[in-house]
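These notes concern the structure reproduced below.
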Amino acid sequence: MDAYQNRHGRYFAIPELLAQSTNITVTGLVADYHPSTSGNNQHPETFATWDIVACAQKGVPRIDRFWQRLRRTIEITNPDIIWAGGDALIAIMAERAQRQYDIPTIIDLKDNYEAYRITKFPGVKHALRRALGNATAVTCGSHALQKYATTTGATTSYVLPMAADHNNFFPIDQARARTNLDLPLDAFYVGTAGKLSARRDTQTLSDAVDALHGKIPNLALLVAGARDSSWNRPRKTPTYDLGQVPLGEVNWLFNALDIAVITNRTNTFGEHCYPQKLHEMLACKTPVIAARTSAFSRHPLPDGVIATYSPQSPSELAQAIWAAAIHKERTNTIEFKADTWHERANQLQFILENEHQHHL
8 MDAYQNRHGR YFAIPELLAQ STNITVTGLV ADYHPSTSGN NQHPETFATW
58 DIVACAQKGV PRIDRFWQRL RRTIEITNPD IIWAGGDALI AIMAERAQRQ
108 YDIPTIIDLK DNYEAYRITK FPGVKHALRR ALGNATAVTC GSHALQKYAT
158 TTGATTSYVL PMAADHNNFF PIDQARARTN LDLPLDAFYV GTAGKLSARR
208 DTQTLSDAVD ALHGKIPNLA LLVAGARDSS WNRPRKTPTY DLGQVPLGEV
258 NWLFNALDIA VITNRTNTFG EHCYPQKLHE MLACKTPVIA ARTSAFSRHP
308 LPDGVIATYS PQSPSELAQA IWAAAIHKER TNTIEFKADT WHERANQLQF
358 ILENEHQHHL
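FYI, the numbering for the sequence shown is 8 to 367, going by the numbering used here.
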């Protein structure tokens, strides 16, 4: 639902671009787990047809509503192919529709859904793995996810990485970005945007910045996003916490940074994660230091990732930040390439057409 509300991310950008620039007619069903209303909440500027399904009632999950709407949509639109993802339950229902209606179905893994809380319920993990094994094909946000899909029995899989929306993420003069955010101009800003949580190990960033107190002139932490109770500000280092900000503000934040940091843990989620924010940071030409998980644990590193550190190691992260700070002039000459959702839409179009032809 967040992708639709913010008109942002994999499950909004790719369908929209397919509907806009190809002869593909796209109908999108969106599961809203925190609904206020249900029905067709169509943005007037969208090219796809979007249908929002309220999947909870008075706090009680009602995923059966999504299945009912999916069946009705299939019977009305008679689709040639289904592309479905977001969580385990959506994947399971999509594969069920494949069997019931004989429609080729591609399940998309943007993350390892086994890391989501819903898979802790009895039977969900088994049903997810069965769905991945039975699906026509699986698209995967990373090579690690493709390897995982293969272990579930998936016979056909494609890597379809994350990307950036270059309408929302692009370079801005650093001083201008800082002025727009009411930040001091002369600080050396390290930071991130997104969930500040134990799951993402954001506390390591705070601890690393504190370990550098007094070693990097004018060092400051700059963050924004939702957070849980595990995250604490540095005790000694100035911190600029923007809270939860609109999407447009994140572009200003990434451009204000000297170094962007992607934290993560070595777990089911982190080992398969190739975060969208990497492409967004790179679209802003901001150098990145990342926890050594998934794609960041192999060489060569993605363009623009100047260093990695062991997850949950504030000392290693501090060393990487310090090295970037003393070599700032060299860091600023690194080449960046951030893929776009246009490229991903073109890739998915090929996959959809290929799998549809095989099904005929």
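Cβ coordinates follow ideal geometry from the N, Cα and C atoms, glycine included. Note that the coordinates shown come from a computational prediction; the quantities given were computed from them, not determined experimentally.
Using 8 Å as the threshold, is the C-beta distance between residue 125 and residue 104 below it? no
Return yes when at least one heavy atom of the ligand FAD lies under 7 Å from the C-beta of residue 143, else no. The model on display carries no ligand, and the ligand FAD is accordingly not part of it.
Per the DSSP calculation, residue 197 is bridged to which residue(s)? 228, 266
How many angstroms separate the CA atom of residue 328 from the CA atom of residue 321? 10 Å
If we ignore side chains and look at the alpha-carbon of each, how far apart do residue 354 and residue 189 end up? 40 Å
For residue 235, count neighbouring C-beta atoms within 10 Å of its own C-beta (all shown protein chains included) and say buried if the count is 16 or more, exposed if not. exposed
Just list the beta strand (DSSP E) runs in the region 101-126, keeping only unbroken ones of 3 residues or longer that don't cross its boundaries, in chain order. 112-116
Can you give me the C-alpha to C-alpha distance between residue 303 and residue 71, rounded to a whole angstrom? 38 Å
Helix, strand or coil for residue 57 per DSSP? strand
Which residues does DSSP pair with residue 221 in a beta bridge? Paired residue(s): none; residue 221 is not in a bridge.
Measuring only the C-alpha atoms, how far is residue 206 from residue 351? 28 Å
Which of helix, strand or coil does DSSP assign to residue 312? strand
Under the three-state reduction of DSSP, which class applies to residue 129: helix, strand or coil? coil
According to DSSP, is residue 164 part of a helix, a strand, or is it coil? strand
Exposed or buried, what is residue 39 when buried is set at 16 or more other beta-carbons lying within 10 Å of its beta-carbon? buried
From which residue to which residue does the beta strand (DSSP E) around residue 18 run? First-last for residue 18: 17-28, but that is the alpha helix (DSSP H), not the beta strand (DSSP E).
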